[in-house]
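Encoded as structure tokens, the structure appears first; notes follow it.
Numbering (this note's numbering), first residue to last: 1 to 122.
Right, here's the structure in full:
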């Protein structure tokens, strides 16, 4: 089967956020929408799409992905299944939660890239 080439693959893993940015584009603002996507429930569909899509990288986002209790596992598993670099978008408030995981997340093998942003539009 020939894979379909796509420029971006975004995977929302959480719909909760610690902020309430008026310009939030993920509908997770104002703390009204909550919930996490369990990695265990997602592995089969990750494999399904990895077999069908050719992507340069995968972006993990939310809400605030660093609030997800399985964030590290999501990064490692998504990297292993897709075999590409992993990006994640964060508002930056929970970056300290990564300090003890720096060695396992930010390696050449993991190819993790981070974007820190807030959507504060009116």
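Even glycine gets a Cβ: it sits at the ideal position worked out from N, Cα and C.
Source: prediction; values computed, not measured.
- Beta bridge pairing from DSSP links residue 5 with 54.
- Within the DSSP secondary-structure output, residue 36 pairs in a beta bridge with 14.
- In terms of Cα proximity to residue 8, the closest of 102, 103 and 82 is 82.
- One thing to note: residue 65 has its Cβ within 8 Å of the Cβ of residue 13.
- Sequence-distant Cβ neighbours of residue 47 in its own chain, meaning closer than 7 Å and more than five residues away, are 81.
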